Amino acid sequence: MTPEDFKMAVGQAWESSAETGVKLVNTAVGLAADDAYAYMKKQDQRIASLEKQLNAKMARLDRLAGQLEALTQKVAYIQLASMAASAR
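Residue numbers (numbering that gives the first Met the number 0): 0 to 87.
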């Protein structure tokens, strides 16, 4: 349910049932939709902000992993060259 959907709600069921057919359900009618909408909208914005931050950190982590791999290869090359030089 999106914040926009919540604004259209007129009530909320307090219980549910897996039985088929018509049944009575306790329901709360007259929700404080404006408060809930504002809260849900704020939460949606916070989630979007956190997702953006996470994506930026993941991209940085990928770059750092690439740099670490390059350094690892350079160290291995230097070690091989050092071993070859000392074998002479």
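Just so you know, even glycine gets a beta-carbon here, dropped at the ideal spot from N, CA and C. These numbers were taken from a predicted model, which means no experiment stands behind them.
With H, G and I counted as helix, E and B as strand and the rest as coil, what does DSSP make of T19?
coil
**Asked** For the alpha helix (DSSP H) that contains E3, what are its first and last residues?
**Response** Segment P2 to K6, the alpha helix (DSSP H) holding E3.
- Task: For G65, I'd like the list of residues in its chain whose CB is within less than 8 Å of its CB, leaving aside the five on either flank, ordered along the chain.
- Result: Hits under 8 Å: none found.
| query | DSSP puts G10 in a beta bridge; with which residues? | reply | V28
Would you call the region 51-71 and the region 22-42 in contact, with 3 or more CB pairs under 8 Å?
-> no
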